[in-house]
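Visitor: Pasting a structure here, questions to come.
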């Protein structure tokens, strides 16, 4: 595999400044994405995975603000860029996003052709004829026929709409595509079809993906590397083999989450769960943020916050236990 | 035979009329969306029965007919050996006391301007149970402690927005149990709940079932939770049940090509599958219920379909062995 880094995130911080206080939704996270790789971001709702996705496009939803860190695309930091420059040269050209719930991100009053045309012509000056050719090309990539161009979103099924949004994200051939729960609202069969499509595109067009989901099972099928988030922090990063293989994940949170994921072909009568709820990020727990729910928490975990440590090659975990066992 | 079932549906149908244009009115053409098109099953006392299928297969419509929120177009609904398909208002009120529902979205199923106490008190007021406030309060506290919401006094004064998703679903469960029903219909009760707490809710529901002698109808699209939560599963496709049996029969020994495809499509948290394109045996998406294919309704997507599947009449649910039913003419060959 080519080891060239397309995206590097260093110490990214995104805080929400609410009337009740500062919510540290993304708190000092760092990761990198290599060319042709799929990186999975997994975590429960409210752990900051979608916020991370939006921060990479520098589009935090108010009252959120990016308060620190660097986002390097092909070595170039996009943090100092103005909103105008972002729009002109970064968003969709270098980094594009497929949003959660495809049903809701297409305008119901425009035909597919018109919405696609808008995206294309805003970024690249081209005639309608050229634009139409481009559209057909990308619709072909996602396995749709061109006659859907004349249709309205309500005439398409959920899976077709999701394919349209994927085609639109591909238009400007970005380096990185962020997929935010692209399959959650879809039925299992359609979900499998979309996952196959993404794998196929990755192969054909040498794309790099960030795949955000709450579902560890889906992640196992698509991601080369997985980063697990909990309460605004990355707690574990490992390859697919390290997380899902025989040995299993290192961090207790990932272990527990994997234990709570139902497995179809195993006959278990009782599923495990993690007692308690994710912490309130207005007042995150001291020390390790997972310690109140952690079955193996020690005295040290309550006081000192662990940092991501390499516990074996390419496998990082932020846990005092993992460090001790080394 | 009859008495073993708490609820039985026989050839239940729900057809929604489609708006017609002028020429269709003149020609007296009538069109229907056949959301549920002849479904029969029975739920035994104390059982957890699952209805599984993709969106649009009619599982929620079936549940709503059992709840009597939809009037059935045809067929019979039998509850405790009484036909309740068509009942008057008074009987309906009694029936609703026995049958309660938990909805999918705990964020939408509660009035945001009601405190938890109002949410829980409403069913008691409607059914005029318990004469005074104190008795009702006792009952509400009792209900909350059953769903492990403690301390109940504090939660009674909270509004839904002050609760987490898991807590809301617990309150919704408490609400459905206020009247001590016999059957609880659950429409995807955990699909909007975080993975880490999902199992906890299901565990609680199972405990409550044993404690209070309940029977559940569990509606879901998620085969993997059904596997460990339910006693029997019915797989629906386009308004019909295509296969029915225990979780082991359905998941480990599935017979119908649709069930097989559903199982093949489920993702599993195992390593080494990233670079493999997964085999999805069926193509396309579920067709519209307004235009049901001829013959076996699954034939356009079925990888094993033969001309006979189109020309023969629709296959009926037949018993393969030990209460394992399948609706496919060729299941033995494939």
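Residue numbers (the working numbering), protein chains in the order written: chain G, 1 to 326; chain P, 1001 to 1334.
We put the CB at the ideal spot given by N, CA and C, even for glycine.
For residue 300(G), which residues in the same chain have their Cβ closer than 6 Å to its Cβ, ignoring the five residues on either side in sequence?
Guide: The residue you call residue 300(G) lines up with position 300 of the first chain. Result list for residue 300(G): 320, in chain order.
Visitor: Please state whether DSSP places residue 1002(P) in a helix, a strand or coil.
Guide: Taking the first residue of the second chain as position 1, residue 1002(P) is located at position 2. Residue placement at residue 1002(P) is flagged as unreliable, the pLDDT there being 49, under the threshold of 50; the coordinate-derived value follows with that caveat. In this structure, residue 1002(P) counts as helix in the three-state DSSP scheme.
Visitor: With a threshold of 8 Å, are at least 3 pairs of Cβ atoms found where one atom belongs to the segment 1186-1205 of chain P and the other to the segment 1130-1143 of chain P?
Guide: The answer is no - the segment 1130-1143 of chain P does not touch the segment 1186-1205 of chain P, with fewer than three Cβ pairs under 8 Å.
Visitor: On the three-state DSSP scale, how would you describe residue 57(G)?
Guide: As a working note, residue 57(G) is residue 57 in the first chain. Coil.
Visitor: Any residues in the segment 1274-1285 of chain P with a beta carbon nearer than 7 Å to a beta carbon of chain G? Which ones, in chain order?
Guide: Residues 1274, 1277, 1278, 1280, 1282, 1285.
Visitor: Output, in chain order, the set of chain P residues within a Cβ distance shorter than 7 Å of residue 274(G).
Guide: Here residue 274(G) refers to the residue found at position 274 when the first chain is read from its first residue. Correct list: 1196.
Visitor: How would you list, in chain order, the residues of chain P whose beta-carbon sits under 8 Å from the beta-carbon of residue 189(G)?
Guide: As a position in the first chain, residue 189(G) is number 189, starting the count at 1. Those within 8 Å of residue 189(G) in chain P are 1054, 1261, 1262, 1265, 1280, 1282, 1285.
Visitor: Looking only at its chain, what residues have a beta carbon closer than 8 Å to the beta carbon of residue 11(G), apart from the 5 residues adjacent to it on each side?
Guide: Within the first chain, numbered from 1, the residue matching residue 11(G) stands at position 11. Cβ within range, chain order: 28, 29, 30, 68, 69, 70.
Visitor: Leaving out the 5 sequence neighbours to the left and right, which residues in its chain are closer than 6 Å to residue 1126(P) when beta-carbon positions are compared?
Guide: Here residue 1126(P) is taken as the residue at index 126 of the second chain, counted from 1. So no residue of the chain qualifies.
Visitor: With a CB to CB cut of under 8 Å and the five nearest residues on each side skipped, what residues in its chain are close to residue 22(G)?
Guide: Position 22 of the first chain, counted from the start, is the residue given in the question as residue 22(G). Cβ within range, chain order: 15, 16, 282.
Visitor: How would you list, in chain order, the residues of chain G whose beta-carbon sits under 8 Å from the beta-carbon of residue 1148(P)?
Guide: Taking the second chain and counting its residues from 1, one reaches residue 1148(P) at position 148. Those within 8 Å of residue 1148(P) in chain G number zero; the least Cβ separation is about 11 Å.
Visitor: 8 Å is my cut-off, CB to CB: does residue 1153(P) come that close to chain G?
Guide: Within the second chain, numbered from 1, the residue matching residue 1153(P) stands at position 153. No, residue 1153(P) lies away from the interface with chain G (no Cβ there is under 8 Å from its Cβ).
Visitor: Would you verify that the beta carbon of residue 2(G) is, or is not, closer than 8 Å to some beta carbon of chain P?
Guide: The sequence position of residue 2(G) within the first chain is 2, counting from 1. For residue 2(G), the predicted structure reports a pLDDT of 46, less than 50, and the residue's modelled location is therefore unreliable. The matter cannot be settled from this model.
Visitor: Would you say residue 1251(P) reaches chain G, if we count a Cβ-Cβ gap shorter than 8 Å as a contact?
Guide: Taking the first residue of the second chain as position 1, residue 1251(P) is located at position 251. Yes, residue 1251(P) lies at the interface with chain G (some Cβ there is under 8 Å from its Cβ).
Visitor: Assuming residue 1177(P) and residue 1208(P) form a contact by the criterion Cβ under 8 Å, report the distance between their Cβ atoms to the nearest whole angstrom.
Guide: By 1-based counting over the second chain, the position of residue 1177(P) is 177. By 1-based counting over the second chain, the position of residue 1208(P) is 208. So it is a contact: roughly 7 Å between Cβ atoms.
Visitor: What residues match up with residue 1233(P) in a beta bridge as DSSP calls it?
Guide: As a working note, residue 1233(P) is residue 233 in the second chain. In DSSP, residue 1233(P) forms a bridge with 1050(P), 1245(P).
Visitor: Does the beta carbon of residue 311(G) come closer than 8 Å to any beta carbon on chain P?
Guide: Counting from 1 along the first chain, the entry for residue 311(G) is found at position 311. No, because no Cβ of chain P sits closer than 8 Å to the Cβ of residue 311(G).
Visitor: Between the C-alpha atoms of residue 1191(P) and residue 129(G), what's the straight-line distance to the nearest angstrom?
Guide: As a working note, residue 1191(P) is residue 191 in the second chain. As a working note, residue 129(G) is residue 129 in the first chain. The alpha-carbon atoms of residue 1191(P) and residue 129(G) are separated by roughly 45 Å.
Visitor: Indicate whether the contact test is met: 3 or more Cβ pairs, each with one atom in the segment 1069-1084 of chain P and one in the segment 1260-1269 of chain P, closer than 8 Å.
Guide: No, the segment 1069-1084 of chain P does not touch the segment 1260-1269 of chain P.
Visitor: Compute the beta-carbon to beta-carbon distance between residue 216(G) and residue 207(G), rounded to the nearest angstrom, for a pair I have assumed lies under 8 Å.
Guide: One-based indexing of the first chain puts residue 216(G) at position 216. One-based indexing of the first chain puts residue 207(G) at position 207. At roughly 23 Å, the Cβ-Cβ gap does not stay under 8 Å, so residue 216(G) and residue 207(G) are not in contact.
Visitor: So for residue 107(G), helix, strand or coil by DSSP?
Guide: Within the first chain, the letter at position 107 stands for residue 107(G). Coil.
Visitor: Distance, Cα to Cα, residue 1312(P) vs residue 1296(P)?
Guide: As a first step, residue 1312(P) is located in the second chain; it is residue number 312 there, counting from the start. As a first step, residue 1296(P) is located in the second chain; it is residue number 296 there, counting from the start. For residue 1312(P) and residue 1296(P), the distance between alpha carbons rounds to 8 Å.
Visitor: In chain order, what residues of the same chain lie with their CB nearer than 7 Å to the CB of residue 26(G), ignoring the 5 residues before and after it?
Guide: Along the first chain, one-based indexing puts residue 26(G) at 26. So the list reads 12, 13, 14, 48, 51, 52, 55, 232, once near-sequence residues are dropped.
Visitor: Quick check on residue 1109(P) - is its C-beta less than 8 Å from some C-beta in chain C?
Guide: Absent from the structure: chain C. Protein chains present are G and P.
Visitor: Could you have a look at residue 7(G) and say whether DSSP puts it in helix, strand or coil?
Guide: Sequence index remark: in the first chain, residue 7(G) carries index 7 (1-based). It is a strand residue.
Visitor: Less than 7 Å between C-beta atoms, sequence neighbours within five positions excluded: which residues of the same chain meet that for residue 1167(P)?
Guide: Walking along the second chain from the start, residue 1167(P) turns up at place 167. Excluding residues within five positions, the ones whose Cβ falls inside 7 Å are 1149.
Visitor: State the DSSP-derived secondary structure class of residue 1169(P), mapped to helix, strand or coil.
Guide: Reading the second chain from its first residue, position 169 is the one you call residue 1169(P). Three-state result, residue 1169(P): helix.
Visitor: Compare the Cα-Cα distances from residue 1320(P) to each of 1242(P), 1280(P), 1306(P) and report the closest residue.
Guide: Taking the second chain and counting its residues from 1, one reaches residue 1320(P) at position 320. Considering only alpha carbons, the answer is 1242(P).
Visitor: Mind checking who residue 24(G) pairs with in its DSSP beta bridge?
Guide: Taking the first residue of the first chain as 1, we reach residue 24(G) at position 24. DSSP lists 15(G) as partners of residue 24(G).
Visitor: With a cut-off of 8 Å, do at least 3 Cβ pairs link the segment 1035-1043 of chain P to the segment 1005-1023 of chain P?
Guide: Because the criterion of three Cβ pairs below 8 Å is met, the segment 1035-1043 of chain P and the segment 1005-1023 of chain P touch.
Visitor: Could you check which residue in 1028(P), 1279(P), 1035(P) has the C-alpha nearest to that of residue 1287(P)?
Guide: Along the second chain, read from residue 1 onward, the residue named residue 1287(P) stands at position 287. Nearest C-alpha to residue 1287(P): 1035(P).
Visitor: Take residue 252(G) as the anchor and find which of 209(G), 298(G), 280(G) has the nearest alpha-carbon.
Guide: The residue given as residue 252(G) occupies position 252 in the first chain. Comparing Cα positions, the closest option is 298(G).
Visitor: Counting only the same chain and skipping the five closest in sequence on each side, list residues whose C-beta sits under 6 Å from that of residue 237(G).
Guide: Locating residue 237(G) in the first chain gives position 237, counting from the first residue. Result list for residue 237(G): 227, 316, in chain order.
Visitor: Would you mind sorting residue 37(G) into buried or exposed? The rule is 16 or more other CB atoms within 10 Å of its CB.
Guide: Within the first chain, residue 37(G) is the residue found at index 37, counting from 1. Residue 37(G) should be labelled buried.
Visitor: Identify the residues that DSSP records as bridge partners of residue 1321(P): which are they?
Guide: Here residue 1321(P) refers to the residue found at position 321 when the second chain is read from its first residue. According to DSSP, residue 1321(P) bridges with 1324(P).
Visitor: List the endpoints of the continuous beta strand (DSSP E) containing residue 1131(P).
Guide: Taking the first residue of the second chain as 1, we reach residue 1131(P) at position 131. Run containing residue 1131(P): none; DSSP gives neither H nor E here.
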